[in-house]
Amino acid sequence: MPNALVTGASSGIGRALAVRLLDKGYTVLGIGRNEEQLKELASKYTGFTYMVADLSNPENIEKIKNKVASSFSPLDLLVNNAGYGQKKKITEMAQQEITSMVNVNFVAPLLLINSLLPYMPQGSTVVNVVTAGIFVLMRQLPLYGATKIALHYASKALRNELRQKGINLVQVYPGLINTNFHPRAGLPEATRGEPPEKVADAIIRAIEKKKKEVFVPGYLAILKIFGPQLPEVF
158 MPNALVTGAS
168 SGIGRALAVR
178 LLDKGYTVLG
188 IGRNEEQLKE
198 LASKYTGFTY
208 MVADLSNPEN
218 IEKIKNKVAS
228 SFSPLDLLVN
238 NAGYGQKKKI
248 TEMAQQEITS
258 MVNVNFVAPL
268 LLINSLLPYM
278 PQGSTVVNVV
288 TAGIFVLMRQ
298 LPLYGATKIA
308 LHYASKALRN
318 ELRQKGINLV
328 QVYPGLINTN
338 FHPRAGLPEA
348 TRGEPPEKVA
358 DAIIRAIEKK
368 KKEVFVPGYL
378 AILKIFGPQL
388 PEVF
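When you line the sequence shown up against our numbering, it's residues 158 to 391, in that order.
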């Protein structure tokens, strides 16, 4: 059975994707902070193992690496999905708030790729979940947008580096998704957003077809052209 690691697996897109992968026969290592929700998944699926880890602390990267080396090698799929936002001006954020969000949304994905690369064979896949919001100015989530556009830029460079090792990288750009992201960020609930399962399904198709990028919903790809001309959002 192929092995997958999914960060942010306790809820939202990460949880939906973990379930889809399990249904497809993957063995999944889920990384998250909510042990209760991770434990509940493990009770339902024998192929699901979890680690409770706060990705804002770079020291946890080494613990994840050791787990993969001992139990999930070769690693066929790495999904960097964990991320969060905060409705707050950058100039009003404390140092810890800034460093924590930068670490989770941008630094951790790069550290995980570098740390786990030795265990990923040719033909494996890295998925970086960005956001379609990078193509406009997210006025109420400024630091979140900044960290995600940094991940977008790094992913472009990483694709060329990973291709030389026979590894495909998929960039995922979700739009408004009905998860707990918005309430946690201090924004109204995204009740009109797409279900996280739709993003999970799009990621599965992208992995199978070795796509380079995917937008959910698909029409949001138009933001690559017209996004900079649109007004601020949120």
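Even glycine gets a Cβ: it sits at the ideal position worked out from N, Cα and C.
All figures in this text were calculated on a predicted structure; none of them were measured in a lab.
Just confirm the distance between the C-beta atoms of A166 and G189, as a whole number of angstroms; I'd bet it's less than 8 Å.
5 Å
Tell me whether K196 sits in a helix, a strand or coil according to DSSP, three-state version.
helix
Span of the beta strand (DSSP E) holding A161?
N160 to T164
Locate the beta strand (DSSP E) running through I188, then write down its first and last residues.
T184 to G189
Can you give the beta carbon distance from A289 to G332, rounded, assuming they're within the 8 Å contact cut?
5 Å
Using the rule of at least 16 other Cβ atoms within 10 Å of the residue's Cβ for burial, across every protein chain shown, is A357 buried or exposed?
buried
Expressed to the nearest angstrom, what Euclidean distance is found between the alpha-carbon atoms of V185 and I364?
Between V185 and I364, the C-alpha separation is close to 15 Å.
Buried or exposed: P411, going by 16 or more other Cβ atoms within 10 Å of its Cβ?
Residue 411 falls outside the range modelled here, since the chain spans only 158 to 391, and no answer is possible.
With a Cβ-Cβ cutoff of 8 Å, do N271 and G240 count as a contact?
Against a cut-off of 8 Å, the Cβ pair of G240 and N271 comes out as no contact.
In whole angstroms, what separates the C-alpha of I306 from that of E346?
23 Å
Buried or exposed: F391, going by 16 or more other Cβ atoms within 10 Å of its Cβ?
Low confidence applies to F391: its pLDDT is 48, below 50, so where it sits in the model is not reliable enough to give any reading.
Determine the burial state of D233: buried for a count of at least 16 other Cβ atoms within 10 Å of its Cβ, exposed for fewer.
buried
Please classify G375 as buried or exposed, where buried requires at least 16 other C-beta atoms within 10 Å of its C-beta.
exposed
Please report the residue range of the beta strand (DSSP E) in which F372 lies.
E370 to V373
Going by C-alpha to C-alpha distance, which of V264, Q321 and A342 sits closest to R296?
A342
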